[in-house]
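Below is one structure, written out as structure tokens; comments come after it.
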Amino acid sequence: MDNHIIDQKCPSCRAPLKYSPKTKGWDCEYCNSHFTLKDLQKVREKKKKKQNQSFSTSGYTCKNCGANILAEENTTATTCIYCRSTAILENRLENELTPNAIIPFEKTKEEAIAAFQKTGIRKWFLPKEFTDKKNINEIQGIYIPFWLFDLCLNAKISGKGIRIHSFISGEYQYTKKETYHFEREGIFPFYDIPVDGSKHFDDALMNSIEPFDYKNLVAFDFSYLSGFLAEKYDLKKEEVKKIALNRAENTASSELEKNLSYSSKTIENKTMIPENLEGEYVLLPVWLLNIKYQEKIYPFAMNGQTGKMIGNFPLQKSKVLLFFLLIGILLSFLIILIFLSTGGYVL
Amino acid sequence: MKKLLFFLLIFCIFSTENIYAKEIETFDRREENRYGIPDRYELTENRIKRALDIPYINSSSKVYDFSKLLEEEEEEQLKKYAQKLSSSQNNSIVVVTISDLNSNSPREYADDFFDYNEFGTDGIILLICLNSRDVYISTSGYGQIIFDEKRIDSILENITPKLSNQKYFEAIEYFLQEVENNLKQGPSHSMKHCNIINAYGDYRCKKEIPYLWILPTCFIISLFITWLCTRKYQKIRLATDAKIYLKKEEITLGKKIDKFLHTSTSRIPLPTNTSSNHGSKTHHGSSGSSHGGSGRKF
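Protein sequence lines, in the order shown, are assigned to chains A and B.
Numbering-wise (my numbering), the first sequence opens with residue 15 and increments by one.
Numbering-wise (my numbering), the second sequence opens with residue 2 and increments by one.
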């Protein structure tokens, strides 16, 4: 059994209490009690009143693997979940930010495994044993830190465009090229562009499991973390906002270009001014799987809310080669057959 | 004495007739059914006009020396030769000499002489025009398959100097000998796989299946298809846009400027209508029949 740092204790019987994505609440395996968030918050309130302590966040760094773990200040960490090492340094940070919001897990571990196994369907080049359960080296449910950016982009583009008219008159074909100077501008509002706030997680992988449904974003509470792992962010808002800006600028530019009706165009000037840029620190649920196949590790991720499973699959070279040869031979046969049937006559 | 003179006179008249018996028999087209134009051609104004320009002769002679370039015995010998070649191969081998083309081109005259007389659909005709010094060879029907440009050029190459030296008999004899040789050899190499497809002598040639080209192109297409199918195996991609995070209803578009700067016009001349039948340089005569061949000056 995993040792979780965040161990919510069942108010009734003090057994470890985990968040259940299925029932969207906390189930105790031992006394069969079910608790909602309100229940747990009430319990905590009572506890705090007794102990007179504030609710603050701590970060822990594992000396062995460098994992940054998010934890409540007063929980005791003994083992690192990532590398099982017992060397954990408590690194209390002042004014550490608490996440604003969280999307709780909606998919269970079993659903993640099943989804992975399903990915093998209709992939002819995939080696058959790839989606075998035994290849799943590791599977972890992690709340990954994200920065969600809202911004309003004041975008302006200008450049030259060419319209071509072709017509025939007399014995000549005329081509008329009209050159125009164009300008387009607009204000584009973007909401909740997600940027991965941790160096540990591959940005491309995190991009690929987008989008998350932000309707299910709820106010953050530590209790949601129980039964799952959580990472603290190590990329600050200022460092990553340019990634969100870049994505927004590309979209704004292509939206403006949609309005151009030229046969060919060159954009000479682009001005993008972001306004009302706001960033929110949230935790989003992701099931991470590491598949080990033939001495290689294949990282897979499933969106813990929508169930979208993404990863790169190995190609069985022999199957690809066979397919290529088969199609090539089939096509040749077809074309030769067509030639023969028309008697191969050419004017 | 008087009886002797009388017989002498009669004899002279008959002998002179023999001397001038060389005149070629031509018939008046206006008295012939359809102006003497073979049934396979529809009567049109143009065709009638052209036919009237062409003498209507007895098609069994095969050699028509209007320009009197040959001696009687030479003409007889060549006639027999040409007739032998024509009947044995179902082709018409024709030789015609004239003095003037009268505003026709050698090609037109040769084509029409063959088409508007009863020579059949297949054959070859040699035309020699004295005053304009043109020699022309025209092929018709299956003649196009037997005689390609190469063979005709080689014949012309040989007989042109003969004609320049006024060796008319030798030139025509050579022509007939070459025709005999080529008939024995059969279809020319470049036309080996061609067949006549209609009464106008049009032909179509079989093109060999280009195995050399098919296989590589098919495998290139297969490569492309394979690439398409393997794309979904690499699904991890960095996002470069934020399209789904843009609230389209809230977009406000600002001013739109399209300012005309300048214009430039260029032109290219239209390609003229070149005939598509370049395989063996065939053309259609006024009758509509397909002919091959070429000519020279001597």
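Ideal Cβ positions, reconstructed from N, Cα and C, are used throughout, including at glycine.
Just so we're clear, the structure is a prediction, and the values are computed from it rather than from any experiment.
- The beta strand (DSSP E) runs of length 3 or more contained entirely in the stretch 52-125 of chain B are, from start to end of the chain, 64-66, 93-99.
- Contacts with chain A at 8 Å (Cβ-Cβ) do not include residue 70 of chain B.
- Listed in chain order, the positions of the stretch 200-225 of chain B with a beta carbon within less than 9 Å of a beta carbon of chain A are 205, 206, 207, 208, 209, 210, 211, 212, 215, 216, 218, 219, 220, 221, 222, 223, 224.
- Taking a contact as a CB-CB distance under 8 Å, the pair residue 296 of chain B and residue 107 of chain B counts as one, their CB atoms being some 5 Å apart.
- When rounded, the separation of the alpha-carbon atoms in residue 59 of chain B and residue 195 of chain B is 32 Å.
- Inter-residue distance for residue 237 of chain A and residue 290 of chain A is about 32 Å (C-alpha atoms, whole angstroms).
- In chain order, 161, 293 place their CB closer than 6 Å to the CB of residue 251 of chain A, counting only its own chain and leaving out the 5 sequence neighbours on each side.
- Closer than 8 Å to the CB of residue 299 of chain B there is not a single CB belonging to chain A.
- Listed along chain A are 192, 193, 194, 195, each with a C-beta nearer than 9 Å to that of residue 261 of chain B.
- Taking 8 Å as the cut-off, the beta carbon of residue 123 of chain B is found closer than this to the beta carbon of residue 142 of chain B.
- Within 8 Å of the CB of residue 242 of chain B, the CB atoms of chain A belong to 261, 264, 265, 268, in sequence order along the chain.
- Residue pairing by DSSP places residue 333 of chain A opposite no residue, since no beta bridge is assigned to it.
- For secondary structure counted as the beta strand (DSSP E) over 3 or more consecutive residues, the stretch 244-275 of chain B holds these complete runs in sequence order: 253-270.
- A buried status is given to residue 286 of chain B, since no fewer than 16 other beta-carbon atoms sit within 10 Å of its beta-carbon.
- Below 8 Å, too few C-beta pairs join the stretch 177-189 of chain A and the stretch 142-151 of chain A to call them touching: fewer than three.
- Residue 227 of chain B and residue 133 of chain A have their C-alpha atoms some 19 Å from each other.
- Annotation for residue 302 of chain A: the continuous beta strand (DSSP E) segment containing it runs 278-307.
- Listed along chain B is no residue with a C-beta nearer than 9 Å to that of residue 37 of chain A; the closest approach is about 30 Å.
- Nearest to residue 221 of chain A by alpha-carbon distance, out of B:199, B:118, B:240, is B:240.
- Taking the beta carbon of residue 270 of chain B as reference, the chain A residues within 7 Å of it are 185, 186, listed in sequence order.
- In this structure, residue 240 of chain A keeps its C-beta atom at 8 Å or more from the C-beta atom of residue 51 of chain A.
- Contact annotation: in the stretch 131-144 of chain B, no residue has its CB less than 9 Å from a CB in chain A.
- For residue 293 of chain B, no chain A residue has a C-beta closer than 9 Å to its own C-beta; the minimum C-beta separation is roughly 15 Å.
- A straight-line Cα-Cα distance of about 59 Å links residue 123 of chain A and residue 355 of chain A.
- Exposed is the label assigned to residue 186 of chain A, since fewer than 16 other Cβ atoms lie within 10 Å of its Cβ.
- Taking C-alpha positions only, residue 212 of chain A is separated from residue 60 of chain A by approximately 34 Å.
- Contact between residue 86 of chain B and residue 181 of chain B holds: CB atoms are separated by about 6 Å, below the 8 Å threshold.
- By the neighbour-count criterion, in which a residue is buried when 16 or more other Cβ atoms sit within 10 angstroms of its Cβ, residue 116 of chain A is buried.
- At a cut-off of 8 Å between beta carbons, residue 300 of chain A makes no contact with chain B.
- Taking 7 Å as the cut-off between beta carbons, the residues of the stretch 326-352 of chain A near chain B are 326, 327, 329, 334, 337, 338, 341, 342, 345, 346, 349, 350, in sequence order.
- Comparing alpha carbon positions, the residue from B:80, B:144, B:78, B:129 closest to residue 197 of chain B is B:144.
- The alpha-carbon separation between residue 130 of chain B and residue 27 of chain B amounts to approximately 18 Å.
- Contact between residue 192 of chain B and residue 146 of chain B holds: their C-beta atoms lie close to 5 Å from each other, under 8 Å.
- DSSP, reduced to helix, strand and coil, places residue 147 of chain A within a helical segment of the structure shown.
- Taken in chain order, the complete beta strand (DSSP E) segments of 3 residues or longer contained in the stretch 163-220 of chain B are 195-197, 204-207.
- Residues are counted here when their Cβ sits less than 7 Å from a Cβ of chain A; for the stretch 72-86 of chain B the count is zero.
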